[in-house]
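The working numbering numbers the first residue of the sequence shown as 1 and each following residue consecutively.
Glycine included, C-beta positions come from ideal geometry on N, C-alpha and C.
The next block holds one structure in the form of structure tokens; read it before the comments.
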Amino acid sequence: MIGDIPYIPGLRSLSAAYDAFVVDLWGVVYEEQRLCFGVFNALSQLSDEGKKVVFLSNSPMRSADMIKTLERMGIKRHLYHGVLTAGEVVYHELRRRIDPFFTNLGRKCFHIGPESCWQPYADLGYVPVSNIDEADFIFVTGTMGAQDSLEKYEPFFRVCLSRRLPMVCACPDSFVLKDGVPYMAAGALAAQYQKVGGSVFWRGKPDSSVFLYCVEGLDVDKSRVAVIGDCVQTDIYGANLAGLDALFIAGGIHAKELGINRGQQPDADRVRSLLGQHNCTAKAVLPAFVW
Numbered sequence: 001m002i003g004d005i006p007y008i009p010g011l012r013s014l015s016a017a018y019d020a021f022v023v024d025l026w027g028v029v030y031e032e033q034r035l036c037f038g039v040f041n042a043l044s045q046l047s048d049e050g051k052k053v054v055f056l057s058n059s060p061m062r063s064a065d066m067i068k069t070l071e072r073m074g075i076k077r078h079l080y081h082g083v084l085t086a087g088e089v090v091y092h093e094l095r096r097r098i099d100p101f102f103t104n105l106g107r108k109c110f111h112i113g114p115e116s117c118w119q120p121y122a123d124l125g126y127v128p129v130s131n132i133d134e135a136d137f138i139f140v141t142g143t144m145g146a147q148d149s150l151e152k153y154e155p156f157f158r159v160c161l162s163r164r165l166p167m168v169c170a171c172p173d174s175f176v177l178k179d180g181v182p183y184m185a186a187g188a189l190a191a192q193y194q195k196v197g198g199s200v201f202w203r204g205k206p207d208s209s210v211f212l213y214c215v216e217g218l219d220v221d222k223s224r225v226a227v228i229g230d231c232v233q234t235d236i237y238g239a240n241l242a243g244l245d246a247l248f249i250a251g252g253i254h255a256k257e258l259g260i261n262r263g264q265q266p267d268a269d270r271v272r273s274l275l276g277q278h279n280c281t282a283k284a285v286l287p288a289f290v291w
């Protein structure tokens, strides 16, 4: 036990309690195009037991592109029910322009992020510009590498605020792990821009709507669905907001903070403190996404 939260070495002892799982990807299923240890076996066992798995990611990629990425890593389509990415949700918001945020949004955008992250949106009729003075809005899909920092964006944000430019964020994660090192992600820029007074649109975890959208397509009672994730701010908090059970993977993005390596049991007080900082709770704690 971790306080009043049970510590479970794997999914085997929990699978009977649930019919479906909404599972995070980066840090739980894979890191840097490599499957995490035990993932393939866990997915195979869940599939054999007839459990439905939906992957929910804050990636700016389209869902179809994520399916191809999983295929390349050996995760075949029969092992899961579906995929939903933040990028997919934002893509359709930009296409439909129904939300009031998009009604009067111009077509010229200043893109922040790798060029490859722009390509999934290139067919929508928006025009990327290199001069912020020509932009109608800021479109954030990522950051510019390990040396990027919020301080570098302060002068840029001042210009954006002076022009009252709105921001669209296609990746709500504030940071991601790469080879065990945390890197600033697009969500950190969006949060900072919002903090200094900017108008920001973002979809993805921890927004409860994306969790509930996943559940709606499962034909499973909500009480029989659990969310599996390693990020307290997005996965666990979002599951709580959606009224879903949360299973916290301790050996993911918070492993260093908890003083453990993947597969190790964390200290109960550290877990309680981490969850408490974000006003959320978990149904159980697991070392990793293993059977």
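key: residue 307 to residue 242 span [Cα, whole Å]   = No statement about residue 307 is possible, as the shown extent of the chain runs from 1 to 291 and does not include it.
request  = Just confirm the distance between the C-beta atoms of residue 274 and residue 257, as a whole number of angstroms; I'd bet it's less than 8 Å.
outcome  = Sequence index remark: in the sequence shown, residue 274 carries index 274 (1-based). Sequence index remark: in the sequence shown, residue 257 carries index 257 (1-based). Right, their Cβ atoms sit about 7 Å apart.
task = Could you say if the segment 105-112 and the segment 67-85 meet the contact criterion of at least three C-beta pairs nearer than 8 Å?
result = no
key: Cβ of residue 191 within 8 Å of any chain B Cβ   = In the structure shown, chain B cannot be found, because there is only a single protein chain.
message = Looking at the strands, I want to know which residues DSSP matches up with residue 284.
response = Locating residue 284 in the sequence shown gives position 284, where the first residue counts as 1. Its beta-bridge partners are 247.
query = Exposed or buried, what is residue 292 when buried is set at 16 or more other beta-carbons lying within 10 Å of its beta-carbon?
reply = The shown model of the chain, from 1 to 291, leaves out residue 292, and the question about it has no answer.
inquiry  = Considering Cα atoms alone, identify which of 12, 278, 253, 87 is closest to residue 38.
reply    = Residue mapping note: residue 38 aligns to position 38 of the sequence shown, counting from 1. Nearest option by C-alpha distance: 12.
As assigned by DSSP and simplified to three states, the class of residue 380 = Lying outside 1 to 291, the shown extent of the chain, residue 380 is not represented and no answer is given.
ask   = Since residue 168 contacts residue 90 with CB under 8 Å, what's their CB separation in whole angstroms?
value = Along the sequence shown, read from residue 1 onward, the residue named residue 168 stands at position 168. Along the sequence shown, read from residue 1 onward, the residue named residue 90 stands at position 90. Contact holds; Cβ gap of about 7 Å.
ask   = What is the residue span of the beta strand (DSSP E) that residue 36 lies within?
value = The residue you call residue 36 lines up with position 36 of the sequence shown. Unbroken run through residue 36: none, as it is neither H nor E.
key: Bridge partner(s) assigned by DSSP for residue 182   = In the sequence shown, residue 182 corresponds to position 182, counting from 1. According to DSSP, residue 182 bridges with 177.
request  = Please name the residue, chosen from 231, 213, 202, 216, that lies closest to residue 175 on a Cα-to-Cα basis.
outcome  = Along the sequence shown, read from residue 1 onward, the residue named residue 175 stands at position 175. For residue 175, the nearest C-alpha among the options comes from 231.
query = In chain order, what residues of the same chain lie with their CB nearer than 7 Å to the CB of residue 82, ignoring the 5 residues before and after it?
reply = Translated into positions along the sequence shown, residue 82 becomes position 82. Cβ within range, chain order: 54, 217.
task = Check whether the Cβ of residue 124 lies closer than 7 Å to any heavy atom of the ligand GTP, and answer yes or no.
result = With respect to small molecules bound, the structure shown includes none, and the ligand GTP cannot be examined in it.
query = If you draw a straight line from the C-alpha of residue 266 to the C-alpha of residue 8, how long is it?
reply = Residue mapping note: residue 266 aligns to position 266 of the sequence shown, counting from 1. Residue mapping note: residue 8 aligns to position 8 of the sequence shown, counting from 1. If I take the Cα positions, the gap works out to 11 Å.
inquiry  = On the DSSP letters alone, give me the boundaries of the beta strand (DSSP E) that residue 300 sits inside.
reply    = Absent from the model: residue 300. The displayed extent of the chain is 1 to 291, so no value can be given.
request  = Use the C-beta contact count for residue 63: other C-beta atoms within 10 angstroms, 16 or more gives buried, fewer gives exposed.
outcome  = Translated into positions along the sequence shown, residue 63 becomes position 63. By the neighbour-count rule (16 or more Cβ atoms within 10 Å), residue 63 is buried.
key: Those runs of the beta strand (DSSP E) which lie wholly inside the segment 21-105 and span at least 3 residues   = 52-57, 82-85
message = So the candidates are 100, 19, 160, 269; which of them puts its Cα closest to the Cα of residue 196?
response = Sequence index remark: in the sequence shown, residue 196 carries index 196 (1-based). Among 100, 19, 160, 269, the Cα nearest to that of residue 196 belongs to 160.
task = Check each candidate in 270, 79, 137 and name the one with the smallest Cα separation from residue 102.
result = Taking the sequence shown and counting its residues from 1, the one referred to as residue 102 is at position 102. For the residues 270, 79, 137, the minimum Cα distance to residue 102 belongs to 137.
message = Can you list, in chain order, the residues of its chain with a C-beta nearer than 6 Å to that of residue 245? Leave out the 5 residues immediately preceding and following it.
response = For this step, residue 245 is matched to residue 245 along the sequence shown. Hits under 6 Å: 226, 283.
key: Among 18, 228, 255, nearest to residue 24 - alpha-carbon criterion   = Numbered from 1 along the sequence shown, position 24 holds the residue referred to as residue 24. Nearest of 18, 228, 255 to residue 24, Cα basis: 228.
task = Kindly indicate which residue of 42, 44, 85 has the alpha-carbon position closest to the one of residue 214.
result = Here residue 214 is taken as the residue at index 214 of the sequence shown, counted from 1. Here the closest residue by C-alpha is 85.
key: Spatial neighbours of residue 106 in its chain, beta-carbon cut-off 7 Å, leaving aside the 5 residues before and after   = Translated into positions along the sequence shown, residue 106 becomes position 106. Excluding positions up to five away in sequence, the list reads 136, 137.
task = Inspect the beta-carbon positions of residue 58 and residue 204 and report whether they are closer than 8 Å.
result = For the purposes of this step, residue 58 is taken as residue 58 along the sequence shown, with counting starting at 1. For the purposes of this step, residue 204 is taken as residue 204 along the sequence shown, with counting starting at 1. Contact flag set, yes.
request  = Let me know if residue 146 comes out buried or exposed under the rule of 16 or more other beta-carbons within 10 Å of its beta-carbon.
outcome  = As a working note, residue 146 is residue 146 in the sequence shown. It counts as exposed.
inquiry  = Can you give me the C-alpha to C-alpha distance between residue 170 and residue 208, rounded to a whole angstrom?
reply    = Position 170 of the sequence shown, counted from the start, is the residue given in the question as residue 170. Position 208 of the sequence shown, counted from the start, is the residue given in the question as residue 208. Cα to Cα, residue 170 sits roughly 16 Å from residue 208.
request  = Could you check what DSSP says for residue 229 in three-state terms: helix, strand or coil?
outcome  = Counting from 1 along the sequence shown, the entry for residue 229 is found at position 229. Residue 229: strand per DSSP, three-state reduction.
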